[in-house]
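A.B. asks:
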Amino acid sequence: MHALLTIMCKISLLIYLIITSPSIANEHSNHSQNAHVHGLAQLTLAIETNYLLISLTAPAYSLVGFEHRAQTPEEIAKLNKIKKTFTEINNIITLSKASCKLINTHINMDALLPLTNDVNNNHTFHTEHTEVIIDYTLHCLSLTDISSAAVTIFEYHPNIKKISAIWVTDSQQGAVSLTATENVLSWQ
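Last residue of the sequence shown: number 188 in this note's numbering, and the count goes up by one each step with no gaps.
(1) Rounded to whole angstroms, what's the CA-CA distance from Ala41 to His129? Just pull it up for me.
(2) Using DSSP's beta-bridge definition, name the partner residues of Lys101.
(3) Out of Asn50, Phe66, Val37 and Thr44, which one is the CA nearest neighbour of Ile146?
(4) Which partner residues of Thr94 appear in the DSSP bridge assignment?
(5) Can at least three beta-carbon pairs, one atom from the region 92 to 103 and one from the region 133 to 150, be found at a separation below 8 Å?
(6) Let's test the definition: count the other Cβ atoms within 10 Å of the Cβ of Pro59 and tell me whether it reaches 16, buried, or not, exposed.
(7) DSSP on Ala77, reduced to helix/strand/coil?
(8) Classify Leu43 as helix, strand or coil using the three-state DSSP reduction.
(9) Alpha helix (DSSP H) containing Ser55: first to last residue?
(10) Nearest by alpha-carbon distance to Ser62: which of Gly174, Pro158 and Ser96 is it?
(11) Give the DSSP bridge partners of Ala175, in chain order.
Here it is in structure tokens:
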């Protein structure tokens, strides 16, 4: 558990460094004014000891085509399909030479879920910018063999046009923009 907390602290520091870095500041300033951009997702990888944490945040519209609470059977079916798709980590990312076991998956799309019967359905709740957040925790036998990952979400969700990816290991960190044609994230 201590290793996971250390990783999360490193991720927070890395995000701060990327945001405040002069070399990335110009690209990031466009996103900070309009933090939610359809077609743009954020991917974070953190590697420490034998744990790999992967987090993807994407606009709901880019994944399911809407950003409100699901109301129709078609919208509910889209949410179920997304949840099933993202249960498989390889539908987002595949690791090179990895002998890892997925130990936890958390998919947060609560703002899209239909309202329950206890809530007065006469009120319409609409969130202007809703995101889906997918977190994976993997335990790996050896992370020293892993030096890259192919981001595969572009194949399944063509509305994702660009991913701002950041990564941190015990000894280094970096950031890169990924697209469907340039989809390999390398960190060694």
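A virtual CB, placed ideally from N, CA and C, is assigned to each residue, including glycine.
C.D. replies: Once the coordinates are examined:
(1) Position 41 of the sequence shown holds residue 41. Position 129 of the sequence shown holds residue 129. When rounded, the distance between both Cα atoms is 13 Å.
(2) Taking the first residue of the sequence shown as position 1, residue 101 is located at position 101. DSSP, once it has assigned bridges, lists His139 as partnering Lys101.
(3) Position 146 of the sequence shown, counting from 1, holds the residue named residue 146. Put simply, of Asn50, Phe66, Val37 and Thr44 the residue whose alpha carbon is nearest the alpha carbon of Ile146 is Asn50.
(4) Taking the first residue of the sequence shown as 1, we reach residue 94 at position 94. Answer by DSSP bridge pairing, in chain order: Ala150.
(5) The region 92 to 103, when compared against the region 133 to 150, does touch it at the 8 Å Cβ threshold.
(6) As a first step, residue 59 is located in the sequence shown; it is residue number 59 there, counting from the start. It is buried - the Cβ of Pro59 has at least 16 other Cβ atoms within 10 Å.
(7) Within the sequence shown, the letter at position 77 stands for residue 77. Of the three classes helix, strand and coil, the one that applies to Ala77 here is helix, per DSSP.
(8) As a working note, residue 43 is residue 43 in the sequence shown. Leu43 carries a strand assignment under DSSP once its states are collapsed to helix, strand and coil.
(9) Along the sequence shown, one-based indexing puts residue 55 at 55. For Ser55, there is no enclosing alpha helix (DSSP H); the residue is part of the beta strand (DSSP E) that begins and ends at Tyr51 to Pro59.
(10) In the sequence shown, residue 62 corresponds to position 62, counting from 1. Among Gly174, Pro158 and Ser96, the Cα nearest to that of Ser62 is on Pro158.
(11) The count along the sequence shown starts at 1 and reaches residue 175 at position 175. Looking at the DSSP output, Ala175 sits in a beta bridge with Ile166.
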